[in-house]
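**Q** Have a look at the structure that comes next, please.
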Amino acid sequence: MKLYQILKLYPSLSLVDKLKILLRLIFCVRPILAVLEKNLPREGLILDLGCGYGIISHFISKTCKERKVIGIDVASHRIKVAQSSIAQKQNIEFHATDIRKYKIPICDAIIMIDVLCLIPYQEQEYILVRCYESLKDDGIMIIKDSAKSPFWKYAYMNFEEWLKVKLGVYGKEVKRSDLYVWDSKDFMDVLIKIGFNIAMIPMKSNLPYPGVFYICRKERRINNAT
219 MKLYQILKLY
229 PSLSLVDKLK
239 ILLRLIFCVR
249 PILAVLEKNL
259 PREGLILDLG
269 CGYGIISHFI
279 SKTCKERKVI
289 GIDVASHRIK
299 VAQSSIAQKQ
309 NIEFHATDIR
319 KYKIPICDAI
329 IMIDVLCLIP
339 YQEQEYILVR
349 CYESLKDDGI
359 MIIKDSAKSP
369 FWKYAYMNFE
379 EWLKVKLGVY
389 GKEVKRSDLY
399 VWDSKDFMDV
409 LIKIGFNIAM
419 IPMKSNLPYP
429 GVFYICRKER
439 RINNAT
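Position in the sequence shown counted from 1, then plus 218, gives you the working numbering.
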């Protein structure tokens, strides 16, 4: 699926919202998709937690028909739009619920793109533990989150996200305007403590957004015969 073709899936969106999606497609989605396609399994159940309008969910479901993609987001109006974009596709679905309350099914992979920073640290850890427990052995979780360096990018991103929450861009369900961005080393320590093997990939971009990917794999359990 070409980037511009994604807009055809959203005929009910306003011109302003279509412009927002187009700008995100042009400036943000390409490097994210490159990391996802390199690391996600080619088949199985993939959860997109914090999917928004479902743009990335559509791409990864289209790339491999053997994938089943479930998108979850707390913003009911975004999920309503995402559900209207499915048409006859059989390998994708969307549900409006808070990922902190969502009963995560056993799955092959989980992605969280720019969502954890809106959730308090302690609740983030709770979500991460549940993700680990729900992943199959050798399953993978890919997190794209903000970084604290360089500082000027972090400061700009912090202001922009605060403004988005205040203006209701993420929906009335998202009320917190504070951002909860980990120091990368501290976050990796949390993930390792939970049980993940971690690889960190800084996001290369000229845009004023300091991004980093965490590729988190759940090791296959080995049963030792006694």
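Every residue gets a Cβ at the ideal spot worked out from N, C-alpha and C, and that includes glycine. Keep in mind that this is a model prediction, so the values were computed, not measured.
Specify the secondary structure class of TYR398 as computed by DSSP and reduced to three states.
**A** Taking the first residue of the sequence shown as position 1, residue 398 is located at position 180. It is coil, neither helix nor strand.
**Q** Can you give me the C-alpha to C-alpha distance between HIS313 and ASP407, rounded to a whole angstrom?
**A** In the sequence shown, counting from the first residue as 1, residue 313 sits at position 95. In the sequence shown, counting from the first residue as 1, residue 407 sits at position 189. Each residue's Cα considered, the two are about 31 Å apart.
**Q** For VAL234, is the classification buried or exposed, using 16 other Cβ atoms within 10 angstroms of its Cβ as the cut-off for buried?
**A** Counting from 1 along the sequence shown, the entry for residue 234 is found at position 16. Looking at its Cβ environment, which holds fewer than 16 other Cβ atoms inside 10 Å, VAL234 is exposed.
**Q** With three or more C-beta pairs closer than 8 Å as the rule, is the segment 258 to 267 touching the segment 319 to 328?
**A** The answer is yes - the segment 258 to 267 touches the segment 319 to 328, with three or more Cβ pairs under 8 Å.
**Q** So, for SER294: in the same chain, excluding its five sequence neighbours on each side, which residues have a beta-carbon less than 6 Å away from its beta-carbon?
**A** Here the question's residue 294 lines up with position 76 in the sequence shown. If we look at SER294 and ignore the five residues flanking it on each side, its Cβ neighbours are ALA314.
**Q** Terminal residues of the continuous beta strand (DSSP E) containing PHE414?
**A** Within the sequence shown, residue 414 is the residue found at index 196, counting from 1. Looking at the DSSP string, the run of the beta strand (DSSP E) that includes PHE414 is 414 to 420.
**Q** Quick one: is PHE369 buried, meaning 16 or more other Cβ sit within 10 Å of its Cβ, or exposed?
**A** For the purposes of this step, residue 369 is taken as the residue at position 151 of the sequence shown. Classification for PHE369: exposed.
**Q** Give, in chain order, every unbroken run of the beta strand (DSSP E) that is at least 3 residues long and sits entirely within the segment 220 to 273.
**A** Fully enclosed beta strand (DSSP E) runs of 3 or longer: 262 to 267.
**Q** For GLY429, which of LEU353, GLU437, TYR374 and LYS411 has the nearest alpha-carbon?
**A** In the sequence shown, the residue the question calls residue 429 occupies position 211. The shortest Cα separation from GLY429 among LEU353, GLU437, TYR374 and LYS411 belongs to TYR374.
**Q** What residues in its chain sit with their C-beta under 6 Å from that of SER230, if we drop five residues either side in the sequence?
**A** Residue mapping note: residue 230 aligns to position 12 of the sequence shown, counting from 1. Excluding positions up to five away in sequence, the list reads SER302.
**Q** Would you say GLN308 faces chain D, with C-beta separation under 8 Å as the test?
**A** Annotation note: the requested chain D is absent from the structure, which comprises a single protein chain.
**Q** Given a cut-off of 8 Å, decide if ILE288 and MET330 are closer than it, judged by their beta-carbon atoms.
**A** Counted from its first residue, the sequence shown places residue 330 at position 112. Counted from its first residue, the sequence shown places residue 288 at position 70. Not closer than 8 Å, so no.
**Q** Going by C-alpha distance, which of HIS276, ILE290 and LYS280 is nearest CYS269?
**A** Counted from its first residue, the sequence shown places residue 269 at position 51. Checking every option, the nearest Cα to that of CYS269 belongs to ILE290.
**Q** What does a CB cutoff of less than 6 Å around LEU397 pick up in its chain, not counting 5 residues either side in sequence?
**A** Here residue 397 corresponds to residue number 179 of the sequence shown, with the count starting at 1. Excluding residues within five positions, the ones whose Cβ falls inside 6 Å are CYS335, ASN376 and GLU379.
**Q** Taking DSSP as the reference, what is the three-state secondary structure of TYR372?
**A** Reading the sequence shown from its first residue, position 154 is the one you call residue 372. Correct three-state label for TYR372: helix.
**Q** For TYR432, write down the residues that DSSP places opposite it in a beta bridge.
**A** On the sequence shown, residue 432 is found 214 positions in, with the first residue counted as 1. Per DSSP, ILE361 and MET418.
**Q** Bridge partners of PHE312, per DSSP?
**A** The residue labelled residue 312 in the question sits at position 94 within the sequence shown. Looking at the DSSP assignment, PHE312 forms a beta bridge with GLY289.
**Q** In terms of residues, what are the limits of the beta strand (DSSP E) holding ILE165?
**A** The chain is shown only over 219 to 444; residue 165 falls outside these bounds and no answer can be derived.
**Q** Taking all protein chains shown into account, decide if ASP356 is buried (16 or more other Cβ within 10 angstroms of its Cβ) or exposed.
**A** As a first step, residue 356 must be located in the sequence shown, where it is residue number 138. Flag for ASP356 reads exposed.
**Q** Taking 8 Å as the cut-off, decide whether the C-beta atoms of LEU409 and ILE416 are in contact.
**A** Walking along the sequence shown from the start, residue 409 turns up at place 191. Walking along the sequence shown from the start, residue 416 turns up at place 198. Yes, Cβ-Cβ distance for LEU409 and ILE416 is below 8 Å.
**Q** Using DSSP bridges, identify the partner residues of LEU353.
**A** In the sequence shown, the residue the question calls residue 353 occupies position 135. CYS325.
**Q** Which one of ILE317, LYS286, ILE297 and TYR320 has the shortest CA to CA distance from LYS307?
**A** Translated into the one-based positions of the sequence shown, residue 307 becomes position 89. Of ILE317, LYS286, ILE297 and TYR320, the residue nearest in Cα terms is LYS286.
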